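Scroll down for the structure; my scribbles are underneath it.
Numbering (the numbering used here), first residue to last: 16 to 115.
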C-alpha cells in the first residue's frame with residue numbers, strides 16, 4: 016500500500032532567514048512545531064552573549080530539545096515498566112482466583 020504524498024510547503028521566517036518546509040502535517044500541527052522552534056531559539060538567544068552567531072542559538076535550542084526528549088523517553092520507559100508490573104500482578108491475581 017503506497018503512502019499518499021499530500022505534502023504542503025510552509026514558508027516561515029526564522030532567525031532572519033526564510034525557510035520552506037515540506038510537510039504532510041496539517042496546518043495546525045505545522046504551526047505548533049514552528050511556534051515551538053521559534054520559542055526555543057528565542058530562549059536560547061537570551062542565554063548567549065550579544066553578537067554570538069545565530070547558529071549557536073539554534074544549536075543550543077537543539078541540545079535543549081534533545082535533553083528533554085531523552086528525559087521523556089526515560090519517563091515513558093519507567094511508566095511502561097510500572098504498567099507491566101501492575102499487569103503481571105493482576106494476571107497472577109486472576110490466575111490464582113480462577114484455580115480455587
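Glycine included, every Cβ here is placed at the ideal spot set by N, Cα and C. From a predicted model like this one, the values you see are computed outputs, not experimental measurements.
Problem - residue 49 and residue 27 closer than 8 Å at C-beta - result: yes
Problem - Reference residue 55, options 24, 80, 87, closest by Cα - result: 80
Exercise for the section: Would you mind working out which of 71, 92, 24 sits nearest residue 45, comparing C-alpha positions? Expected result: 24
Problem - 3-residue-minimum beta strand (DSSP E) runs that sit fully inside the segment 31-57, ordered along the chain - result: 32-38
Problem - Cβ neighbour criterion (16 or more within 10 Å) applied to residue 76 - result: buried
Practice task
With distances taken Cα to Cα, identify the nearest neighbour of residue 37 among 64, 30, 21, 105.
Solution key: 21
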